[in-house]
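Undergrad: This is the structure I want to talk about, given as structure tokens.
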Amino acid sequence: MEKGVQPQRGQIYMLDFGEIKGRELAGEHPALVVQNDIGNKYAPVTIVIAVHSDYGKQELPVCVKVKSGIGGLRKDSIMDAGQILTIDKKRLGRLVGTLPYNVMMQVDEALKKSLQLK
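Take any residue in the sequence shown, note its place counting from 1, add 72, and you have its number in this note's numbering.
Here you go:
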């Protein structure tokens, strides 16, 4: 990530998830910033969810399907609120794009289900 650039909620960045361990996502994939913008401004870390194309998970209530082209994504993708990570902002790579409000509302619902929030 460029020095001085602050991620914003709803932005998608490339992220190296590292080596695979069990069923975790590995390698470079998009990640969606879900932390609030106040936290993004002041904290050295941010909260992201994994973005992938494991279509076997597409019907899970913690996943949101997003079509190619939306948010700068190059292929149909899954926003996976079941894979939430806190990362140092320095780990964020290239900015891919930003999800529209209506899709973020769906992501919010998936996060509520994943975290069992009311």
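We treat Cβ as the ideally placed atom computed from N, Cα and C, and that holds for glycine.
Note that the structure is a prediction, hence the values are computed from the model and not measured.
Note the first and the last residue of the continuous beta strand (DSSP E) segment covering Lys113.
TA: As a working mapping, residue 113 is identified with position 41 in the sequence shown. Element bounds for Lys113: not the beta strand (DSSP E) but the alpha helix (DSSP H), Asp109 to Tyr114.
Undergrad: For Arg199 and Pro172, I'd like the C-alpha separation in whole angstroms.
TA: No information on residue 199 is available, as it lies outside the stretch 73 to 190 that the chain covers here.
Undergrad: Could you tell me which residues DSSP pairs with Met151 in its beta bridges?
TA: Position 79 of the sequence shown, counting from 1, holds the residue named residue 151. Note: Met151 sits in a beta bridge opposite Val123 and Val136.
Undergrad: In the DSSP assignment, find the unbroken beta strand (DSSP E) run with Glu91 in it and report its ends.
TA: For the purposes of this step, residue 91 is taken as the residue at position 19 of the sequence shown. Element bounds for Glu91: n/a, residue is neither H nor E.
Undergrad: Measuring straight from C-alpha to C-alpha, what distance separates Arg166 and Cys135?
TA: Translated into the one-based positions of the sequence shown, residue 166 becomes position 94. Translated into the one-based positions of the sequence shown, residue 135 becomes position 63. Cα to Cα, the separation comes out at about 23 Å.
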